[in-house]
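Residue numbers (our numbering): 2 to 187. All C-beta atoms in this analysis are idealised placements derived from N, C-alpha and C, irrespective of residue type, glycine included.
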């Protein structure tokens with residue numbers, strides 16, 4: 002009886018070994034250096050240039066007001082002795098208020114530019130993620146990882162898995178095409 006059970010167990014194990022194994026899907030992975038990507042992406046460069054120019058333009062206007070204020074402050078010191086203490090106190094308080102207003106205007110300008118730029122940058126990053134996702138699906142990748150200075154999640158990977166240059170080219174070509182369409186509309 003024991004021999005029969007052993008023979009049946011061996012037979013079952015032999016039969017089960019002959020069944021084809023479930024197909025194993027190949028895991029295709031790659032990574033993108035996100036710091037390099039954002040540094041070389043033309044849309045990022047254009048966005049940075051746009052807000053730098055906008056900041057300089059608005060900054061010049063504010064700088065002119067600051068220079069007028071500095072001139073008034075210098076004149077105040079020269080006139081304070083001639084016009085008396087009451088005038089000096091009143092004018093000093095007025096100058097302090099203007100100084101605070103100018104500081105607040107500088108701060109508000111910086112916040113406004115940061116907020117506007119942040120909104121556009123979020124939109125740009127979202128577009129980059131969508132493009133990488135579509136590229137991954139099209140090329141049959143299971144995973145595409147991100148690496149870089151701000152996101153050092155990959156400590157080591159073979160260089161052949163780096164698709165950063167392909168993504169930069171794809172994104173820049175796509176951006177160039179959309180920029181050309183925008184110019185045609187104008």
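Counting along the chain, the unbroken alpha helix (DSSP H) around residue 49 starts and ends at 43-84.
Each residue's CA atom was taken as its position, placing residue 124 and residue 134 some 15 Å apart.
In this structure, the alpha-carbon of residue 43 lies about 23 Å from that of residue 162.
According to DSSP, residue pairing for residue 145 in a beta bridge involves 31. Residue 31 sits buried, since 16 or more C-beta atoms from the chains shown fall within 10 Å of its C-beta.
Between residue 172 and residue 132, the gap from beta carbon to beta carbon is short of 7 Å. In this structure, the alpha-carbon of residue 48 lies about 15 Å from that of residue 127. With a 10 Å radius around the Cβ and a threshold of 16 neighbouring Cβ atoms, residue 176 comes out buried. One thing to note: residue 70 has its Cβ within 7 Å of the Cβ of residue 103.
Taking C-alpha positions only, residue 84 is separated from residue 93 by approximately 12 Å. From the listed residues 82, 156, 76 and 33, the smallest Cα separation to residue 168 is found for 33. DSSP links residue 163 through a beta bridge to 32. For residue 157, the three-state secondary structure derived from DSSP is coil. Scanning its chain for C-beta atoms nearer than 6 Å, with the 5 sequence neighbours on each side dropped, one finds around residue 29 the residues 141, 142 and 143, in chain order. Going by C-alpha positions, residue 159 is about 21 Å away from residue 138. In its chain, beyond the 5 residues on either side, 96 have a beta carbon closer than 7 Å to the beta carbon of residue 74. With fewer than 16 other Cβ atoms inside 10 Å of its own Cβ, residue 181 counts as exposed.
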